[in-house]
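Read through the structure below, which is laid out as structure tokens, and then see the notes.
Residue numbers (the working numbering), protein chains in the order written: chain A, 3 to 117; chain B, 51 to 157.
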């Protein structure tokens, strides 16, 4: 069965970076894009972007350019998202999902940015 | 960016009742809209894709329709396990955008 297993919760200081992972199983990793979504209580759901897991090509929401960097490691069927120059506004639950439109989702990673 | 206006933001309904949730987009997106269900503390689950197609494994009481820029999710007969948040996503044009969500509660 399709599964996307994300890494654990992160507590980070303002100005730092975090890199969260999303390990796929149950399907051919390079056959489907991986997308990333941010969820907060206040702003709801925001689409960050997606990565072509075969070519590594990316498509970012302009709002997240410079904030998020999407990469993949095909050898381990894992997608990564690095968030840089963290501020409290980056505190959220971050999901990875299969396909550009998210047919299966990971369990989410809570990122808390606090000094 | 394409705006997605979802209504209502919250809904009280009784078991067995027919429930309808709507998303209206700011421009035409053909059928490129999905519906998701999210229960507290859980990841979203895809219910309906491309406006009308029921995701494998989802109950047939869920259905989607659209006309022009208006999209509806219908639950024909509300079950206790349907109590959740529901939201839509347009994936026609980047950046993809979500509706603000509908919180469905029992009356």
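Ideal Cβ positions, reconstructed from N, Cα and C, are used throughout, including at glycine.
Tell me the residue span of the beta strand (DSSP E) that contains residue i.
| i | result |
| --- | --- |
| residue 87/B | 83-88 |
| residue 52/B | Counting along the chain, residue 52/B falls outside any beta strand (DSSP E), and DSSP gives it neither H nor E. |
| residue 12/A | 12-14 |
| residue 71/B | 69-75 |
| residue 61/A | 60-62 |
Thinking C-alpha only, which one of the options is nearest residue i?
| i | options | result |
| --- | --- | --- |
| residue 115/A | 91/A, 48/A, 107/A | 91/A |
| residue 37/A | 117/A, 89/A, 94/A, 82/A | 82/A |
| residue 109/B | 142/B, 122/B, 95/B, 153/B | 95/B |
| residue 97/B | 114/B, 82/B, 81/B | 114/B |
| residue 137/B | 80/B, 86/B, 61/B | 86/B |
| residue 152/A | 67/A, 48/A, 16/A | Residue 152/A is absent from the structure shown; chain A starts at 3 and stops at 117. |
| residue 57/A | 21/A, 87/A, 31/A, 17/A | 31/A |
| residue 51/B | 58/B, 79/B, 70/B, 71/B | 79/B |
| residue 81/B | 100/B, 69/B, 145/B, 92/B | 100/B |
| residue 20/A | 104/A, 94/A, 88/A | 88/A |
| residue 123/B | 89/B, 64/B, 83/B | 83/B |
If we count the other Cβ atoms within 10 Å of its Cβ and call it buried at 16 or more, is residue i buried or exposed?
| i | result |
| --- | --- |
| residue 43/A | exposed |
| residue 75/A | exposed |
| residue 149/B | buried |
| residue 85/A | buried |
| residue 79/A | buried |
| residue 69/A | buried |
| residue 106/B | exposed |
| residue 55/A | buried |
Name the DSSP bridge partner or partners of residue i?
| i | result |
| --- | --- |
| residue 39/A | 49/A, 97/A |
| residue 74/A | 81/A |
| residue 25/A | 7/A, 80/A |
| residue 152/B | 136/B |
| residue 114/B | 123/B |
| residue 95/B | 87/B |
| residue 142/B | For residue 142/B, which the question treats as bridged, DSSP gives no partner whatsoever. |
| residue 112/A | 95/A |
| residue 61/B | 154/B |
| residue 104/B | 98/B |
| residue 67/A | 70/A |
| residue 55/A | Bridge partners of residue 55/A: none, in fact. |
Flag residue i as yes when its Cβ comes closer than 8 Å to any non-hydrogen atom of the ligand SAM, and as no otherwise.
| i | result |
| --- | --- |
| residue 73/A | Looking for the ligand SAM in the displayed structure turns up nothing, as the structure carries no ligands at all. |
Report all residues from its chain with a CB closer than 6 Å to the CB of residue i; omit the five preceding and five following residues, and keep chain order.
| i | result |
| --- | --- |
| residue 67/B | 128 |
| residue 13/A | 114 |
| residue 52/A | 35, 37, 61, 102 |
| residue 71/A | 84 |
| residue 151/B | 135, 137 |
| residue 62/B | 155, 157 |
Can you list, in chain order, the residues of its chain whose CB lies under 7 Å from that of residue i, leaving out five sequence neighbours each side?
| i | result |
| --- | --- |
| residue 4/A | 28, 29, 100, 106 |
Apart from the five residues on each side of it in sequence, which residues of its chain come closer than 8 Å, Cβ to Cβ, to residue i?
| i | result |
| --- | --- |
| residue 59/A | 53 |
| residue 53/B | 75, 76, 147 |
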